[in-house]
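Residue numbers (this note's numbering), protein chains in the order written: chain F, 632 to 1026; chain Z, 210 to 864. Backbone N, C-alpha and C define an ideal beta-carbon position, used for all residues, glycine too. Here's the structure we're looking at; comments come further down.
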């Protein structure tokens, strides 16, 4: 639903063999208007504060690998201009929604190198220019697939299913925005039913698509309900998969981009590479001496971009190619890998991106200190393959 | 005829061109001669001439408002007293009907309130009058008054073994007045931290805690810390000084008798970390210091991962020590804290967890019970003696909200004024104090400029590179007429300084809408220079100050050696604003700087705006010349002995 509550965005196809595209339909009944013409299709539409349409493209293929460089990404498109890509994930970015604070939230895989966890998704956010790629909610110990996240009040609801063992079971759960990393709460547990969507129903209710019988139907469920009432809408010939409240909602907050599009590099600053949840067997954190930075090449391999020294306080900083999934390996004095993060994050052109540590606890603010790395000359990491440095920005 | 006209036109044109060229040449030579700088191009006459203090917006009369400051509830709970500092009034409110029953004139901007236990005497700090007034609550007449330090804000009544005492936080003179009541006199004035602001009695009056708003200047790369000064009011002595590391802007303090806790709301500041983002409390976050006054002090977060409650100010704690209420002046909320849950978390937490607690934004949901919405700018709180009602001063709404402590539902609003929305200065102050203009409401303009002044910190904005160009926060008081702005002097107006550029580099959200921006700049220009101990002195300069004035305006050294014009103090710091509004190279380019030219700051109220220089490296005025002078580029000081330097500084402090 557009923020003004007067039109609805939906995904459809004109012919059975057409690609899914995004349409906008006014609630006054006028003919829907097609908004996208994306090769490979488009899905998960929403609007950011300046009125630009954001969506995911291409539509991930069922059973496809959804991996870089063909992974589905988030795009933005103004009324007049062509679509431009905002995210550069190693894996499919799916199921987008725009939060009230203006960030674009979507689901994507953590990006683990182990196949079992590779498909496990979490919720991440970016600003409306693709900067500040940040984990919003998700845990490495829960291998989930996440669909249709929706914000309501101080909670975020979504449909979850197991990524470990493929099954049809899908349930609704929420996380509190105050503590999104460890407070999942399952909804409608009383109904023991498959769920396809959940959203704000207004007045202390959820609108949910639940399977109660042979097809999915739309229910309005009170937040304190203990039983499922009659369906709000049910077309028994079809699955009714999502309902939204046709009312205006606050316009998301805007964000003025600080990117420098002409600059093919961004800057990464880690405040303490030794702040990590990867502990040695004795609970200690082996000190990193050097960080090996890699970029994900078009063939899916991680290419070396360069090494950057870790300062005494654990900080390091470097310029890296923009729009390229970046991986990091912490090396000890002998060059042995102490811990590694696969190519997951990226920086946009001219973006200055900072993090607390390598796999640091989530929801933390930085300690107030001036990192030693910012006092040292800035290194530019491009690796031996100059083409790799241009891969991201030229996409 | 036609030929004559053409000839005349050509001559007039040539004369105009000659006059223009000559005027420009004369202008350039005038500027270069009187500044001693050959690098300057055309400079407006207004940089040095035609400026008077009287013409500045802050010198003009402005509308007054019924802004509530301090609150106090009578022991029987029947009356609520509300200080209206802008009106020079005290409002007496009937709690049952929530109506004002009387307005009493109290001169000198009445601000903080405290009652004696009988409720017969109300003690009022008068921030503009530098005094404490005693009001007889029966007659509502001023019974006594006593002069204290500069700009007294908070006040607390303490029953001590030596008799009753008042403890007063003198925010402008960085000291604490300890007053006896019989006789009513000041018995001690110990030094506090920087900007002492709020006071609360502890341990039954045996101690008093004074929360200070600002951190002492620490120079480059060092984390700042503000102070809670603990005094023994009976003895009139400082007992201890509790340090709030990387924290400041405490405007409230409370004692929890049942737990022997001192609670101090604070802003946890991260000014040493490059501002690459705002999310996750990267710039600052709100917190609460929990101290046993015995050395154990833990800072706990009040914000959430995705939402912030900026500018925590007042705090109130119920008598049973069950709940604390903290007003968020920038977030228009009051946070309700379950002290039992907080105690439970502290009991189970390890030392490292406690040490890092303030940085864990997920923690607050362990003990914050509710966030109550208020009208604009809640700044002061008071609980009724029976603990059933708490009152919230909604400062920029001209109202007081009464809330039921059990249901946490509003009981009603006491209207003190009309909100003042017809006044652009008031509207601008509402913008200035509203955190809604920053990402996830993390901070407001006021979070760095308390009352329009400085927070005394330098920040690393990343727009010009991570780690480059640290910028000392400059005062907004007396800012009118001192354009351009920003340390590099690139912003010609406050509208540009506070507009989209700021949204991009700091607020990380939408720019302030044009109408609000206009109001904001109107408010900023209405801010007079800081009133300091020296500036408040009346009459002639002291002998030392007069000597310092002569040094400031000197054109020759005492031995007759001329001082080059570009190194005479008054050339760049030209009266009456004490700036010529031009960037200068005074040899202060530091290791993080990419330029050597910096805007010339005005000097009005400079005594109160430490630290100094563009990156805040100089902790004191003395350090400008004793530590950071380079080849006499920042004025010629190499000839000065310590007495001459002291005299100069004494004079600067009077500006």
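Check                                                                                                                                                                                     : Outcome
Is the beta carbon of residue 346 (chain Z) less than 9 Å from the beta carbon of residue 809 (chain F)?                                                                                  : no
Strictly below 7 Å CB to CB, what residues from chain F border residue 520 (chain Z)?                                                                                                     : In chain order: nothing, as chain F lies at least about 17 Å away.
Report the neighbours of residue 513 (chain Z) on chain F: residues whose CB is nearer than 8 Å to its CB, in chain order.                                                                : 808, 809, 810
What are the residues of the stretch 938 to 967 of chain F that lie near chain Z, defined by any Cβ-Cβ distance shorter than 8 Å?                                                         : 948
State the Cα-Cα distance for the pair residue 248 (chain Z) and residue 241 (chain Z), rounded to the nearest angstrom.                                                                   : 8 Å
When Cβ atoms are compared, which residues of the stretch 663 to 691 of chain F fall closer than 9 Å to chain Z?                                                                          : 680
Out of curiosity, what's the CA-to-CA distance linking residue 386 (chain Z) and residue 362 (chain Z)?                                                                                   : 11 Å
Below 7 Å CB to CB, which residues in the same chain sit around residue 569 (chain Z) once its five sequence neighbours on both sides are set aside?                                      : 510
If I'm right that residue 602 (chain Z) touches residue 291 (chain Z) with Cβ under 8 Å, what's the distance once you round it to whole angstroms?                                        : 7 Å
Could you tell me whether the Cβ of residue 201 (chain Z) comes closer than 9 Å to any Cβ of chain F?                                                                                     : In the structure as shown, chain Z starts at 210 and stops at 864, and residue 201 (chain Z) therefore has no counterpart that could be examined.
What residue range is occupied by the uninterrupted alpha helix (DSSP H) comprising residue 723 (chain Z)?                                                                                : 723 to 734
Thinking residue 883 (chain F) and residue 679 (chain F) are a contact (beta carbons under 8 Å), I'd like their distance in whole angstroms, please.                                      : 6 Å
Below 9 Å on C-beta distance, what does residue 805 (chain F) contact in chain Z?                                                                                                         : Within chain Z, no residue comes near residue 805 (chain F); the closest Cβ sits about 14 Å away, beyond 9 Å.
Checking 9 Å against the spacing of the C-beta atoms, do residue 927 (chain F) and residue 955 (chain F) come in under that value?                                                        : yes
Please list the residues of the stretch 553 to 570 of chain Z that have a C-beta atom closer than 9 Å to any C-beta atom in chain F, keeping them in chain order.                         : 565, 567, 568, 569, 570
Given that a residue counts as buried once 16 or more other Cβ atoms are within 10 Å of its Cβ, and exposed if not, what is residue 747 (chain F)?                                        : A caution first: residue 747 (chain F) carries a pLDDT of 49, below 50, which makes its placement in the model too unreliable to give a value.
By Cβ distance below 6 Å, which residues in the same chain neighbour residue 665 (chain F) in space, the five residues on each side in sequence not counted?                              : 652, 654
Using the beta-carbon count (16 or more within 10 Å), is residue 255 (chain Z) buried or exposed?                                                                                         : exposed
With burial defined as no fewer than 16 other Cβ atoms inside 10 Å of the residue's Cβ, what is the status of residue 486 (chain Z): buried or exposed?                                   : buried
Taking all protein chains shown into account, decide if residue 816 (chain Z) is buried (16 or more other Cβ within 10 angstroms of its Cβ) or exposed.                                   : buried
Does residue 802 (chain F) come out as helix, strand or coil in the three-state DSSP assignment?                                                                                          : strand
What is the C-beta distance between residue 252 (chain Z) and residue 791 (chain Z), in whole angstroms, given that I count them as a contact (C-beta under 8 Å)?                         : 7 Å
Determine contact between the stretch 870 to 887 of chain F and the stretch 945 to 960 of chain F, defined as no fewer than three beta-carbon pairs at a distance below 8 Å.              : no
Using 10 angstroms around the beta-carbon of residue 762 (chain Z), count the other beta-carbons present and answer buried if the total reaches 16, otherwise exposed.                    : exposed
Ignoring anything shorter than 4 residues, give me the alpha helix (DSSP H) runs that lie fully in the stretch 628 to 714 of chain Z, in order along the chain.                           : 633 to 641, 703 to 706
With 9 Å as the threshold, decide whether the Cβ of residue 592 (chain F) is near any Cβ in chain Z.                                                                                      : Nothing can be reported for residue 592 (chain F): it is not among the residues displayed for chain F, which extend from 632 to 1026.
On the premise that residue 818 (chain F) lies in contact with residue 806 (chain F), defined as a C-beta separation below 8 Å, what is that separation, rounded to the nearest angstrom? : With a Cβ gap of about 11 Å, residue 806 (chain F) and residue 818 (chain F) do not count as contacting.
Which residues of the stretch 987 to 1002 of chain F have a Cβ closer than 7 Å to any Cβ of chain B? Give them in chain order.                                                            : This model lacks chain B altogether, as its protein chains are F and Z.
By Cβ distance, which residues of its chain are closer than 8 Å to residue 909 (chain F), with the 5 residues on each side in sequence left out?                                          : 916, 969, 970, 989, 990
Residue 788 (chain F) bridges to which residues according to DSSP?                                                                                                                        : F:781, F:805
Rounded C-beta distance between residue 365 (chain Z) and residue 323 (chain Z)? I'm assuming under 8 Å.                                                                                  : 6 Å
Give the interface partners of residue 490 (chain Z) over in chain F, defined as CB-CB distance under 7 Å, in chain order.                                                                : 996
Using a Cβ-Cβ cutoff of less than 6 Å, which residues in the same chain neighbour residue 997 (chain F) once the five nearest sequence positions on both sides are dropped?               : 902, 987
Please tell me whether residue 405 (chain Z) and residue 420 (chain Z) are closer than 9 Å, where the distance is taken between their beta carbons.                                       : yes
What alpha helix (DSSP H) runs, 4 residues minimum, are completely inside the stretch 325 to 390 of chain Z?                                                                              : none
Taking the beta strand (DSSP E) that residue 831 (chain F) belongs to, which residues open and close that run?                                                                            : 826 to 831
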